[in-house]
Amino acid sequence: MEKKDVFKVLANETRLQILQWLKNPEVHFPSQGIDTARVGVCVGDIQKKTGLAQSTVSHYLSMLETAGLVISTRQGQSTYYRRNEEAFSEFASVVANEL
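Sequential numbering from 3 applies to the sequence shown in our numbering.
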């Protein structure tokens, strides 16, 4: 995880909102019918909630994944995203100890 990449990704309000939704997916995406905490949330549901174009949301999720903040899982034709809590712990440690 590159610190500068994480800060760059976190500098966007929509990407921050997506991370907040993924922190409690069962609250923000209750009608998925799957274990959202374990599997993640379908990119289509994230796109609907943001109201942005699918390509924009996919790009944002790709950036979050590249920074290590989310993990994607492919199931059939759908891609699901969940937070990488280990990366958040690591980043919090970096902030607490280095900045």
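Even glycine gets a Cβ: it sits at the ideal position worked out from N, Cα and C.
*Using three-state DSSP, classify residue 79 as helix, strand or coil.*
The answer is coil: DSSP assigns residue 79 none of H, G, I, E or B.
*asked:* Considering just the uninterrupted stretch of the alpha helix (DSSP H) at residue 86, what are its terminal residues?
replied: Neither: residue 86 is in no alpha helix (DSSP H) and is coded neither H nor E.
*From which residue to which residue does the alpha helix (DSSP H) around residue 41 run?*
In the DSSP annotation of this structure, residue 41 is not part of any alpha helix (DSSP H), being labelled neither H nor E.
*Counterpart residues of residue 74 in DSSP-defined beta bridges*: DSSP output for residue 74 lists 83 as bridge partner(s).
*Roughly how many whole angstroms lie between the Cα atoms of residue 56 and residue 40?*
So the alpha carbons of these two residues sit roughly 23 Å apart.
*asked:* By the DSSP assignment, the alpha helix (DSSP H) with residue 27 in it spans what residues?
replied: First-last of the alpha helix (DSSP H) with residue 27: 27-30.
*Could you name the residues of the same chain whose beta carbon sits closer than 7 Å to that of residue 96, not counting the 5 residues immediately before and after it, in chain order?*
Excluding its 5 nearest sequence neighbours in each direction, residue 96 has C-beta neighbours in its own chain below 7 Å: 5, listed in chain order.
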